[in-house]
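Per my numbering, the sequence shown starts with residue 58, numbered consecutively. Note that beta-carbon positions come from the ideal geometry of N, C-alpha and C, so glycine has one too. Only a predicted model underlies this, so the values are computations on that prediction, with no experimental measurement involved.
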Amino acid sequence: MFGIGMPELIVILVVALIIIGPKKLPDLAKSLGKGLAEFRRATDDVKESFRVDDIKKDADDIKDSLLRGALSRDKEASGRTSDRKSDNADGVDGEKKDGDAGGDSGDKVE
58 MFGIGMPELI
68 VILVVALIII
78 GPKKLPDLAK
88 SLGKGLAEFR
98 RATDDVKESF
108 RVDDIKKDAD
118 DIKDSLLRGA
128 LSRDKEASGR
138 TSDRKSDNAD
148 GVDGEKKDGD
158 AGGDSGDKVE
């Protein structure tokens with residue numbers, strides 16, 4: 058514990074007992090304990106907020122990459138659909154022309 062051994066700790070406690078007095082020493086120790094506990098909670102909260110911020114950044118990065126991928130797939134799909142529509146339109150026109158030509162070539166015999 059910070060390089061303080063048992064003999065040094067006893068000397069510190071004896072000096073504190075002499076300076077502060079036996080009546081105020083328990084109150085001081087209680088206050089010191091509460092202060093340390095509050096400090097630990099505060100540092101834990103700060104650590105947790107850093108973790109949350111990191112997780113939010115990671116989630117946003119994943120969200121952005123998924124959206125980019127979805128948009129690129131949509132663009133590819135719409136490009137393929139427009140190609141198919143133009144191919145179908147050409148094919149339908151071609152069929153109509155063939156059908157019209159077939160109807161004209163067949164003369165009615167009476």
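The Cβ-Cβ distance between Leu89 and Ile77 does not fall below 8 Å.
The Cβ atoms of Leu82 and Leu74 sit closer than 8 Å to each other. Ile61: not part of any alpha helix (DSSP H); DSSP gives it neither H nor E.
Assigned with DSSP and collapsed to three states, Pro83 falls in helix.
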